[in-house]
Amino acid sequence: MTLDGTNTWIVGGADAVLVVDPGPDDEAHLRRVAERVDGRRVTAVLLTHGHPDHSEGAATLARMLGAPVRALDPRLRLGEEGLADGDVVTAGDVEVRVVGTPGHSFDSLCFWLPGDRAILTGDTILGRGTTVIAPDGDLGDYLRSLDRLRQGAEMLEAMVLLPGHGPVLPDPSGVLDAYIAHRRERLDQIREAIRRGARDAREIVEMVYADVDRSLWPAAEMSVAAQLDYLKAL
1019 MTLDGTNTWI VGGADAVLVV DPGPDDEAHL RRVAERVDGR RVTAVLLTHG HPDHSEGAAT
1079 LARMLGAPVR ALDPRLRLGE EGLADGDVVT AGDVEVRVVG TPGHSFDSLC FWLPGDRAIL
1139 TGDTILGRGT TVIAPDGDLG DYLRSLDRLR QGAEMLEAMV LLPGHGPVLP DPSGVLDAYI
1199 AHRRERLDQI REAIRRGARD AREIVEMVYA DVDRSLWPAA EMSVAAQLDY LKAL
């Protein structure tokens, strides 16, 4: 589910930085993050969303570094300030712009780095494969978020996507086009499976994901359930 693990990003300059998605509460990993900060002031720990593989270590790292935790979900914050669409967060002369991208989860955010022409995508876009719509997410929201990111990537001439899992992705517009096309194709496949007699998410997975490793079927079933909810609401 996390590919090679969770990517923790350190964003900033010579004097101040932001830490994005500290990951699980793993002592060795959090020590390595603190070492990479290398004595610079940490303006804040930012969370793309609240799933434990991204957020669980945030409070521990924040205490280690003397920094607040900023997130959309108030339950995850340490300090007075949260995060919301349109916010701008700084570390020295480095600017991070917050983009609301609900869908994978209700509280998903992406972070646009104009100085690098890069987008930190959390789980909205992965370095490999495609994103699961979690139980606290919504496919309709996700499709709208993909469209927003696609428009933004072109308008802002983004050069790279920095995902929450997996490798860095060049060609943001191409990646986002492929994500949008894949989602539309899956919806068509689910409609066809229903026409062929599939009665629930499990039976749809057995038809549509027959060529996928069975260890991934639980995740596929979660996504199919989200797609069924989406189709019912049309």
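In my numbering, each number is its position in the sequence shown, counted from 1, plus 1018. Ideal Cβ positions, reconstructed from N, Cα and C, are used throughout, including at glycine.
Test item: CB-CB of L1048 and G1184 under 7 Å: no
In terms of alpha-carbon separation, which member of V1106, P1132, L1180 and E1045 lies closest to R1081? E1045
Can you give the Cα-Cα distance for E1203 and L1083, rounded to whole angstroms? 45 Å
Alpha helix (DSSP H) segments (min. 4 residues) lying fully within the region 1058-1113: 1070-1073 and 1076-1083
Name the one or two DSSP bridge partners that G1030 has. For G1030, which the question treats as bridged, DSSP gives the partners V1035.
CA nearest to the CA of T1149, picked from L1252, A1238, V1055 and L1246: A1238
Minimum C-alpha distance to I1151 - residue among R1058, L1174, H1122 and G1170: H1122
Where I1212 falls: helix, strand or coil (DSSP): helix
Tell me which residue opens and which closes the alpha helix (DSSP H) that P1236 is part of. For P1236, the enclosing alpha helix (DSSP H) begins and ends at W1235 to A1251.
Use the C-beta contact count for D1060: other C-beta atoms within 10 angstroms, 16 or more gives buried, fewer gives exposed. This sequence places Val at residue 1060; Asp is not what is there. By the 10 Å Cβ count, V1060 comes out buried.
If we ignore side chains and look at the alpha-carbon of each, how far apart do G1147 and V1107 end up? 30 Å
To the nearest angstrom, report how far apart G1182 and L1064 are at their CA atoms. 13 Å
Looking at C-beta atoms only, is the number of pairs between the region 1150-1164 and the region 1112-1129 that lie closer than 8 Å three or more? yes
So within the region 1145-1187, which uninterrupted beta strand (DSSP E) runs reach at least 3 residues, ignoring any that extend past its ends? 1178-1181
Where do the N-terminal and C-terminal ends of the beta strand (DSSP E) with I1137 fall, by residue? A1136 to G1140
So, is Q1245 buried or exposed, given that buried needs 16 or more other C-beta atoms within 10 angstroms? With 16 or more Cβ atoms within 10 Å of its Cβ, Q1245 is classed as buried.
Output needed for L1101: all residues of its chain with C-beta closer than 7 Å, excluding positions within five of it in sequence on either side, in chain order. L1064, R1088, A1089, L1090, V1116 and L1127
Going by beta-carbon coordinates alone, are P1086 and A1052 separated by less than 7 Å? Taking 7 Å as the Cβ cut-off, P1086 and A1052 do not qualify as a contacting pair.
R1214 versus V1226 - alpha carbon distance: Linking R1214 to V1226 through their CA atoms gives a straight-line distance of about 11 Å.
Using DSSP bridges, identify the partner residues of L1127. G1118
Using only alpha-carbon positions, find the residue among H1067, I1208 and M1240 that is nearest to L1094. In terms of CA proximity to L1094, H1067 leads the group H1067, I1208 and M1240.
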